[in-house]
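Sequence lines, in order, name chains A and B.
Quick note: the first sequence uses our numbering, first residue 54, plus one each step.
Quick note: the second sequence uses our numbering, first residue 5, plus one each step.
Built from N, CA and C at the ideal position, the CB exists for glycine as well.
Structure, as structure tokens:
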Amino acid sequence: MFEIILQLIINGLLLGGIYALLSIGLTMIFGVLEVVNFAHGEFLMISMYMTFWLFHLFGLDPYVSLVIIIPVFFGFGMLVERAIIKPLLNDPPLNQIFTTIGLGLVFQNLALLLFKADFRAIKTSYSNANLFLGELIVNVPRLIAFVIAIALIVALLLFLKKTFTGKAIRALAQQRQASMLMGINVNKTYSIAFGIGIACVGAAGAILMPLFFVFPTVGSMFVLIAFVVVILGGYNSLGGSLVAGLMIGVIEGFSGFFISPHLKEVVYFIMFIFILIFRPTGLFGRR
Amino acid sequence: MTSFLSSIFDFVDQNKRVVTLAALIGILIIPLIPRNSFYQDLIIMIFFWGTLAAAWNLLGGFAGQISLGHAAFFGIGAYTSTILYLNFGLSPWIGMFAGAGVSIVVALIVGLPCFRLTSHFFALATIAFAEVLRLLASFWRDLTNGGVGLLIPHEPGFKNFIFEGKLAYTYIILIMLLAIIFVTYLLKKSRFGYYMVALREDQDAAESLGVNITLYKMITLIISVFFTSIAGTFYAQYYAFIDPDIVFASHLSIQLALLSIIGGVGTIFGPILGACFLTPLDVFLRGWLGGVLSGLNFVVYGLVLIIAVRYFPIGIFGWLKKITGKYIKKPTYALSTAGGGETGPIGERSYRPPDEDTVPLIRVDSIGKRFGGLEAVKDLSFSVYDGEILGLIGPNGAGKTTVFNLISGFIATDTGSIRFDGKDITSLKLPHTFCKEGIGRTFQIVKPFQSMTVLENIMVGVFNRVGDVKEARKEALRIIERIHLSRQVSMEASHLTLANRKRLELGRALATRPKLLLLDEVMAGLNPKETEDIIQVIKSISREGMTILMIEHVMKAVMALSDRITVINNGMKIVEGLPEEVAKDKRVIDAYLGEEYNAELK
């Protein structure tokens, strides 16, 4: 029994790393722009397709494709921010919500048009590779994904702490007006923040691809997890999202084993409601 | 042409009952028109989507609680009545209400915690909720037959809610549609309607005017969910087949919003217009393009949604209103005097400084409030007596606004007690109960209900004491004259100048008929002329015996208006006394007024 629990924790943590990366993108965008990106899951889906096709057509390894995907998604994010998000920043919530919803709808169904509803997966030489640690099994692609996710998150946190642009982003998340007065180029910083958020989700898609199928509605499955992580992590705390992501991974492992893998979303939602009732500011949120 | 149109609109205006009756008869004839089942089906779908969109619009459009999970209630309605019918032979007519009952119970359980969320996260929670129900319906095979779905056998009969042909269905769904329109109409015309829009525009302001926002959100949710759920039963009976992916589809929830937005969100007829426009388009896209390119219809929807909210937020209804607006006479309100007048009793105030025996209207007794490491208010005591104007001054960050938030219920006190009008109100939880007790307040950063007119803004305040709309309008007009906003009576609050917003803020608080009026910097940012005008308004209010506690930085106003002044610094009271005493006090000058004011005195 002890081994099983340890195994579940390991599996959960490894998965949780990807969830954290995915959710940090969402947290970043919400923290800075105060807009929830309802199309977040669809960006994940696009990244997964891109990884799939890069592998399928050019034999590019998913982890190598990160080198392409991260900059492409960063640019893609900046473009979307400029064209669609920016004009809405002072609009009522209804407009903001339905613009990103509409965007998600377009992406999802374009994928359906282009790729049909088929499930697609990639098969790499290491797909089924496992490390054995005594009784415990560590799946190699999961381990790699975890390491990459954590490395990217740490790099992002360092970037926000050390660089001028990073500090500008944090300042903007704290106080819009004061940041403007301090000479921060607000519009540029918004674009960069959105770009980073999308780059995060892009990276998450690429490292998820060796582990999971891609299909047009795959995003709505994962975005639900990201939403719960963001709320658990306290809306605008990146560190909170990291911890919450890992936690959700572990919880998913346990609920999958002890309840049913089909009901994991139900478990999330019940948690979600409980957080709302007892800790409306999340586990790591400031009041 | 113009005069012809005008005369038509005049005719409509003067014969509302006749026109409504004619329109109703016209609508009831519509189902009889189509000759083949394709058009019958189209009409049913228009009514069906119209009903659902109108139900969504009540909550999302009027009350501003944007749900993306209405499919949950649609699905509960469909599944409840179908399961009861198939397993127990219960007539869907009864099952329909059973389903609505289940939906409402679920909505209340989930809604109560979710209503605490800001709009983005509320929308997000509702998406998650509907998704979870879809999964549960797929998983719970014993009850729902899982992903295979449930088939209702074709056994026509009234009791079974199954009919030969489509005419009966057309009338059933038409009745549902008319019912939701009628309910929306009734709500919109009443105090409830004003409250829904107010809480959409600004929840804090609505609370401060005595609106129990949670209660009103809940009632709106119940009505919205009821109609969504019975439409679910209708769907199950009409198509005789349901499965989790159909009735709990997230697309369904989005579609309801889309119809409302295209038609005109937050209007009575918007959702129906949206359904009239988009349903045929949908049939066309599905039938013609969807067959070849599945998914294209949703691509079009997504694009329409993005473009509509950006470039066409008023919707079809708003656009129709705009082009017909020229021909419709706007209501005019009789104003007594051109310049707005002093309606208060003439004469001087009879204010006498309180002595030891006088019982204060409000007694604040050593209250304290801590925010993390910052002690914003420390052991603060003061009283305000009947008919008095007490000025509360202090440097920036002294804790003045926190004091206001504490005595108007927006923040709970950590220590101490507040006695108001012979009653301990320390433990009251919500701001609206403070308003009901008789404490009216303004906000330093004004919070007008942007999309409402000046008149409507004031009416929301009046509704605190007056239930009847006509009476409330009359009283609101009187208040508008007093605050010198008569010329802006029909102007949307978003178009007002700062000075007028401050006036509006004052008038709205006054409209709740408070015993104690809290004014938070109503003169900040105004020019000398505007300041003088507000001083006169406050004087006239005071002459009628209103007790006022005001925070103010404009020293001229504080000196001119206050009977006594309390000075606080770092959350503590440092001096209290008559204006001239306070002005001379060394501690005050040091803490707050500074050299500048000294110089001004000389």
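Residue i - DSSP class collapsed to helix/strand/coil
i                      : result
residue 556 of chain B : coil
residue 402 of chain B : coil
residue 246 of chain B : strand
residue 387 of chain B : strand
residue 472 of chain B : coil
residue 325 of chain B : helix
residue 251 of chain A : helix
residue 379 of chain B : strand
residue 395 of chain B : strand
residue 191 of chain A : strand
residue 578 of chain B : strand
residue 269 of chain B : coil
residue 109 of chain B : helix
residue 125 of chain B : helix
residue 370 of chain B : strand
residue 135 of chain A : helix
residue 573 of chain B : strand
residue 114 of chain A : coil
residue 424 of chain B : strand
residue 161 of chain B : strand
Buried or exposed (CB count within 10 angstroms, at least 16 for buried), residue i
i                      : result
residue 241 of chain A : exposed
residue 76 of chain B  : buried
residue 176 of chain A : exposed
residue 445 of chain B : buried
residue 72 of chain A  : buried
residue 171 of chain A : exposed
residue 236 of chain A : exposed
residue 224 of chain B : buried
residue 606 of chain B : Low confidence applies here, because residue 606 of chain B scores a pLDDT of 47, under 50, leaving its location unreliable and the question unanswered by this model.
residue 463 of chain B : buried
residue 479 of chain B : buried
residue 93 of chain B  : exposed
Rounded straight-line distance, which links the Cα of residue j to that of residue i
i                      : j                      : result
residue 159 of chain A : residue 320 of chain A : 29 Å
residue 183 of chain B : residue 415 of chain B : 41 Å
residue 410 of chain B : residue 196 of chain B : 28 Å
residue 467 of chain B : residue 328 of chain A : 36 Å
residue 343 of chain B : residue 566 of chain B : Caution is warranted here: a pLDDT of 43 is assigned to residue 343 of chain B, below 50, making its placement in the model unreliable, and the coordinate value is therefore given only provisionally. About 27 Å.
residue 259 of chain B : residue 454 of chain B : 27 Å
residue 2 of chain B   : residue 273 of chain B : Residue 2 of chain B lies beyond the range of chain B shown here (5 to 606); nothing can be said about it.
residue 166 of chain B : residue 240 of chain B : 10 Å
residue 406 of chain B : residue 570 of chain B : 15 Å
residue 134 of chain B : residue 110 of chain A : 38 Å
residue 396 of chain B : residue 412 of chain B : 15 Å
residue 501 of chain B : residue 524 of chain B : 18 Å
residue 558 of chain B : residue 430 of chain B : 31 Å
residue 28 of chain B  : residue 192 of chain B : 20 Å
residue 95 of chain B  : residue 164 of chain B : 5 Å
residue 575 of chain B : residue 302 of chain A : 46 Å
residue 264 of chain B : residue 543 of chain B : 47 Å
residue 348 of chain B : residue 246 of chain A : Low confidence applies to residue 348 of chain B: its pLDDT is 46, below 50, so where it sits in the model is not reliable enough to give any reading.
residue 126 of chain A : residue 252 of chain A : 5 Å
residue 275 of chain B : residue 519 of chain B : 43 Å
Practice problem: Count the C-beta pairs between the region 93-111 of chain A and the region 272-280 of chain A that are closer than 8 Å, then say yes if the count reaches three, no if not. | Solution: yes
Taking 8 Å as the threshold, find out whether the region 364-383 of chain B comes into contact with the region 409-425 of chain B through three or more Cβ pairs.
yes
**Request:** Decide yes or no for the touch test of the region 227-245 of chain B against the region 196-210 of chain B: beta carbon pairs closer than 8 Å, at least 3 of them.
**Result:** no
Taking contact to mean at least 3 C-beta pairs separated by less than 8 Å, is the region 212-225 of chain B in contact with the region 429-442 of chain B? yes
Checklist entry - Quick one: complete alpha helix (DSSP H) runs, 4+ long, within the region 5-74 of chain B? => result 6-18, 20-33 and 41-61
Answer yes if the region 308-324 of chain B comes into contact with the region 147-159 of chain A, meaning at least three C-beta pairs across the two stretches below 8 Å, and no otherwise. yes
query: Within the chosen definition, does the region 57-73 of chain B reach the region 124-131 of chain B through at least 3 CB pairs nearer than 8 Å?
result: yes
Every unbroken alpha helix (DSSP H) within the region 74-107 of chain B, with a cutoff of 4 residues, ordered by chain:
74-92
**OP:** Tell me the start and end of each unbroken beta strand (DSSP E) in the region 467-532 of chain B that is at least 3 residues and wholly inside, in chain order.
**Re:** 520-524
Checklist line | Validate contact between the region 137-147 of chain B and the region 240-259 of chain B using beta carbons, cut 8 Å, 3 pairs | finding: yes
Measuring CB atoms only, is the region 266-285 of chain B touching the region 130-141 of chain A, in the sense that at least three cross pairs come out at less than 8 Å?
no
Segments of 3+ residues assigned as beta strand (DSSP E) that fall wholly inside the region 171-253 of chain A: 183-186 and 189-192
Tell me, please, whether the region 173-182 of chain B touches the region 44-61 of chain B by the rule of three or more beta-carbon pairs shorter than 8 Å.
yes
ask   = Three or more beta-carbon pairs under 8 Å between the region 536-556 of chain B and the region 572-592 of chain B, yes or no?
value = no
Exercise. Do the region 376-392 of chain B and the region 472-492 of chain B touch if we need at least three Cβ pairs shorter than 8 Å?
Worked result: no
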